[in-house]
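Numbering (the numbering used here), first residue to last: 23 to 225.
Just so you know, even glycine gets a beta-carbon here, dropped at the ideal spot from N, CA and C.
Bear in mind that the values here come from a model prediction, so they are computed numbers and not experimental data.
Below you'll find the structure, written out as structure tokens, and then a few comments.
What follows is the structure in structure tokens.
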């Protein structure tokens, strides 16, 4: 696949009185080089930009496009951190099949894996809506996974559970545990059920 990015430690000083020692330290008695957290490689971004866009393609066809209101690029840890993130996923015909939004997104530059966090919402072109607090996208397998509480809504039906895996179109999804379902019958009545075992969500 092709990746197309757009756009003091101080030496101890001997003193006769505490006041003199404090004064000497404040003045920087024989200082050696100070190493702070901000000086550690990878803690400061190499580049910051606004209106960031990143597109992943496969044989010239878009797989997904990420938009961020702002982004910080960290070369040492091979990571991009975006704020105010939106990701559009595309089907084999190049049409947008789903859209993900989140407060923050972390993208690994080598693998193109992504982690979305903070009010994560995914909506598909068919009307399915998924919400959670954290979601991982595995670029090599084109799968989304989460070990957090996930809620999926479709045509009035609601499924909730902990642990989730799906394709980006939410056509075939699966909860790992703690399933709670609220299903609307044809007559409009609500049928509630709970299942302690994993249940597939492809319907």
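Under a 10 Å Cβ-count criterion, residue 162 is classified as exposed, with fewer than 16 other Cβ atoms of the shown protein chains found around its own Cβ.
With 16 or more other CB atoms across the displayed protein chains lying within 10 angstroms of its CB, residue 124 is buried. Rounded to whole angstroms, the gap between the alpha carbons of residue 194 and residue 186 is 11 Å. Exposed is the label assigned to residue 98, since fewer than 16 other Cβ atoms lie within 10 Å of its Cβ. For residue 88, the three-state secondary structure derived from DSSP is strand. The beta-carbon distance between residue 189 and residue 159, rounded to whole angstroms, is 11 Å. This is too long to meet the 8 Å contact definition.
Checking the DSSP bridge columns, you'll see residue 124 partnered with 107. In the three-state reduction of the DSSP assignment, residue 132 falls in the coil class, being assigned neither a helical nor a strand state. Membership of residue 184 in the beta strand (DSSP E) is indicated by the continuous run 179 to 188.
If you check the CB distance, residue 137 and residue 157 come in under 9 Å. Per DSSP, reduced to three states, the secondary structure at residue 100 is coil, with no helix or strand assignment.
The DSSP-derived three-state label of residue 161 is coil. Here residue 176 carries a strand assignment [DSSP, helix/strand/coil]. Annotation: the continuous beta strand (DSSP E) that includes residue 77 extends over 69 to 80.
A distance below 8 Å between beta-carbons, with the five flanking residues on each side excluded, links residue 143 to the following residues of its chain, in chain order: 122, 123, 124, 151, 152, 153. Nearest in C-alpha terms to residue 147, of all of 107, 191, 81, is 191. Between the alpha carbons of residue 118 and residue 199 lies a gap of roughly 30 Å. If you ignore the 5 residues before and after residue 112, its C-beta comes within less than 7 Å of the C-beta of 84, 85, 86, 118, 119, all in its own chain and listed in chain order.
Nearest to residue 88 by alpha-carbon distance, out of 96, 78, 67, is 78.
Residue state for residue 150 is assigned as coil, using DSSP reduced to three classes.
DSSP, reduced to helix, strand and coil, places residue 117 outside both helices and strands of the structure shown, so it counts as coil.
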